[in-house]
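Everything below concerns the one structure shown next.
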Amino acid sequence: MRINVLQHTPNEGPGMIEDWANLHGHLMYTYHPYQFGTLPTAAETDMLVILGGPMSPNDELPWIAQERELIRVLLAKKTPIFGACYGAQQIVKALGYAVTKAPAKEVGWAPVYRQTALIPNLPTQLNVLHWHEEMFTVPDDATLLFSSDRVTNQGLVLNHQVVGLQFHFEPKANNVREMVVNDYPYIEGSVLGQNAADILATPVPDENQTTLFKILDYITAE
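Start counting at 1 in the sequence shown, then tack on 913, and there's your number in the numbering used here.
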């Protein structure tokens, strides 16, 4: 399977998604549309991963609109799609739903709570990395997957094919360090009350990888 990854900033890479791809022998191609303006075609995409970034789906940039058109084509083809943070917002925006300011800016580690058993054997609560101040609307035909204490819409699942998460399961410890040392000014104003040292001192829970792998297995199951 060819997995095409859309990466939107140097410090938010695929992390454990790459580990999952390697485990299953899939080929992964990473695109940087914010820098090069290049996107894969739908015909060469067996699975699409849309990562986070500092931009908003509401920004009027040509490549952002082109990403959404790709998403719409892949949704129609029932191609598996996974979106993290901005990536989840892009999926929702492609479906015609709103991305708005969240009731609280969340940057740091905080729990999310499972809201459905649609994907089997996911933990009821996980400690995850948040890095956002916007949120998506859950489409009418999608199911709410996760919520946090401050932002209800933290995850969605659609048609056994698509999962979008407002937070980050994918970073490994090195990835977290990369995010913090490069984007530490963004931590200011977070309702979670953590500083850079607090975020760096928190270990990545092992169950985050296990849960991410279950989600990716679910959307790619035959």
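Heads up, the beta-carbon is just placed ideally off N, CA and C, and yes, glycines get one too.
All values derive from a computational prediction rather than experimental measurement.
Around K991, the same chain offers Q1074 as residues with beta carbons nearer than 6 Å, after the five sequence neighbours per side are excluded. Checking the DSSP bridge columns, you'll see G1068 partnered with F1059 and L1078.
Approximately 26 Å separates the beta-carbon atoms of L1035 and T958; this is outside 8 Å, ruling out the contact. If the five residues before and after S1103 are omitted, its C-beta is found closer than 7 Å to the C-beta atoms of K1018, E1019, V1020 and G1021, all from its own chain and listed in chain order. Looking at R985, Q979, E982 and H945, the one whose alpha-carbon comes closest to that of G966 is H945.
Cα atoms of L1031 and D1119: separation of roughly 22 Å, rounded to the nearest angstrom. Looking only at N917, R1063 and V1025, the smallest Cα-Cα distance to L987 is reached by N917.
Put simply, the segment 972-989 does not touch the segment 932-939. Fewer than three CB pairs are less than 8 Å apart. Within the segment 918-982, the runs of beta strand (DSSP E) at least 3 residues long that lie entirely inside it are, in chain order, 940-944 and 960-963. Residue nearest to G928 within the set I1100, A997 and R1027 is A997 (criterion: CA-CA distance). Minimum Cα-Cα distance from T1050 among the listed residues P953, L940 and K1014 corresponds to K1014.
Within the same chain, and ignoring the five residues on either side of Q1122 in sequence, the residues whose Cβ sits closer than 6 Å to its Cβ are M929. V1020 is bridged by DSSP to W1044.
Here the alpha carbon of A1109 sits roughly 14 Å from the alpha carbon of A1023. Between I994 and L940 a beta carbon distance of about 17 Å is seen, past the 8 Å cut, so the two are scored as non-contacting. If you look at I994, you'll find it in the beta strand (DSSP E) that goes I994 to A997. Minimum Cα-Cα distance from H1043 among the listed residues E925, T951 and Q1079 corresponds to Q1079.
For T1037, the CB contacts under 6 Å within the same chain, skipping 5 residues up- and downstream, are R1027 in chain order. Distance from the CA of K1006 to the CA of V1076, rounded to the nearest whole angstrom, comes to 14 Å. Taking the Cβ atoms as the reference, T1029 lies roughly 7 Å from L1057, within the contact range of under 8 Å. Spanning the alpha carbons of R1090 and E1135 requires a straight line of approximately 36 Å. The three-state secondary structure of K1014, taken from DSSP, is strand. The three-state reading of DSSP puts I1132 in helix, counting H, G and I together.
The residues G1021, in chain order, have a CB closer than 7 Å to that of D1111 in the same chain once the five nearest residues on each side in sequence are set aside.
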